[in-house]
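First to last, the protein sequences are chains A and B.
Here our numbering is used: position 176 in the first sequence is 176, and no number is missing along the way.
One gets our numbering by counting positions in the second sequence from 1 and adding 1000 to each.
Worksheet: the structure to be examined is printed underneath.
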Amino acid sequence: MEKLFVWGIVLAALVALFTGSAEETGAALLQSGQAAVALGLSLAGAYCLWCGVLKVMELSGLTARVARLFRPILRLLMPGIESNAEASEAVSLNFAANLLGMGNAATPAGLRAMKAMQELAGGAKLPTDAMCMFLIVNSSSLQLVPTTLISLRAAAGSASPGDILLPSILSTLCTSLLAVGLTLLVQRMGKRGEKGRAE
Amino acid sequence: MIVLLLTACAFCYAAFSGKPVYSAFVDGAMDGLKTAARAVPYVAAALLLVGALRACGALSAFGALLSPIAGLLGIPEELLPLLMLRPLSGSAALAELDLLISEFGPDSYIARTACAMMGSSETVLYTIALYLGSIQVRRSRYILPIGLITGLFSAVFAAFFCRFT
């Protein structure tokens, strides 16, 4: 993030100077800050509701039931997490909400999961393999029914707005498999590298 | 609808098992507020970067650079701006998608591919910034490259599947 951030801004500044769009770029910087705060406020509103509901579900043991459903998947993707109740429950809830297309409920659960996994790793300042896998799965879409897109197509006068469903599900499936596959590959290679160094 | 049902069911279930619903909810809401507040600076940094790169024109120049590769992978040229915006900004990508739909018509191959691609990808940079930011982690190891590759392939898969369905 460090390098990306610094060099990205430097690159933007250089390009802006050469193309004479320095004014617009400066204005964009100011606007982004404002957008972040506005976004933060609307996120905070949704988090209030969902974190509240999550806590209630957790207290009554409902989240433990959801976690049991996802246990085999967790064992495969993020070994070492399934023994920790808090982390595995939050991860399972995040996956469930994502599949249902409830992005605004998935994020609070996801952030709780990150926190629980960090505590599990003894307050790590570097994301663990489990955290990386979780984030990568979250940054490839899991949503099965793209409700926003269907309504967008309907609004534009599509003959059958729902016919996007099949290609969307197929390509969601493929990208998720690709993301998980690549991550497992990198993690295996990392482990082999560590072993090599130790010997 | 689903929000209301879920909330009501969760509350009923907890109340019937004799748990204090109200105090648990308030507790959780407090956690949620703190989490959101912690993540804002990280989100601001990500939006700043995206805003600057877009406004100065570097993003569209990079898109033009990428077009031969996109052609090889079977991604229509018209989708390049969307492909560039998608990992960076959800709202900008949605605006671009809307443009494509009105330009080519909702049932065209381009618009369908764009929709399938939107549906099978996420705002990678923002997700990473938010999730890592909320626990104050500043390094991301191999997450970003894999996220971006997956995002690129969402377009490849979408272009492929839309040809047959």
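For glycine and all other residues, C-beta sits at the position ideal for the given N, C-alpha and C.
field: Entirely enclosed alpha helix (DSSP H) segments - the stretch 130-171 of chain A, minimum 4 residues
entry: 147-155
- request: For Met-1175 of chain B, decide whether its Cβ has a neighbour in chain A, counting only Cβ atoms nearer than 8 angstroms.
  value: Residue 1175 of chain B falls outside the range modelled here, since chain B spans only 1001 to 1165, and no answer is possible.
field: Outcome for Trp-7 of chain A when other beta-carbon atoms lying within 10 angstroms are tallied against a minimum of 16
entry: exposed
task: Just tell me which of A:Gly-193, A:Leu-149, A:Leu-74 and A:Leu-49 has its CA closest to the CA of Leu-1100 of chain B.
output: A:Leu-149
- request: Name, please, each residue of chain A whose Cβ falls closer than 8 angstroms to the Cβ of Pro-1076 of chain B.
  value: Residues of chain A passing the Cβ test: none, with the nearest at roughly 14 angstroms.
message: Do Leu-77 of chain A and Val-186 of chain A count as a contact pair if the criterion is CB distance below 8 angstroms?
response: no
query: When burial is assigned at 16 or more other CB atoms within 10 Å of the CB, is Val-1021 of chain B buried or exposed?
result: buried
Ile-1110 of chain B, enclosing alpha helix (DSSP H) - first and last residue: 1109-1119
message: Using the three-state DSSP reduction, which class does Gly-1090 of chain B fall into: helix, strand or coil?
response: helix
task: Tell me whether the beta-carbon of Ile-1135 of chain B lies closer than 8 angstroms to the beta-carbon of Gly-1147 of chain B.
output: no
message: Taking the beta carbon of Ala-1095 of chain B as the centre, do at least 16 other beta carbons fall within 10 Å, making it buried, or is it exposed?
response: exposed
task: Let me know the secondary structure DSSP gives Ala-42 of chain A once reduced to three states.
output: According to the sequence provided, residue 42 of chain A is Ser. The question's Ala does not apply to it. The answer is helix: DSSP assigns Ser-42 of chain A an H, G or I state.
task: Can you grab the Cα-Cα spacing for the pair Ala-64 of chain A / Gly-110 of chain A, in whole Å?
output: The straight-line gap from Cα to Cα measures roughly 16 angstroms.
task: Could you tell me whether the stretch 1060-1070 of chain B touches the stretch 1018-1032 of chain B, where touching means 3 or more Cβ pairs closer than 8 angstroms?
output: no
Expected contact under 8 angstroms - CB spacing of Leu-1132 of chain B and Pro-127 of chain A to nearest Å: 7 angstroms
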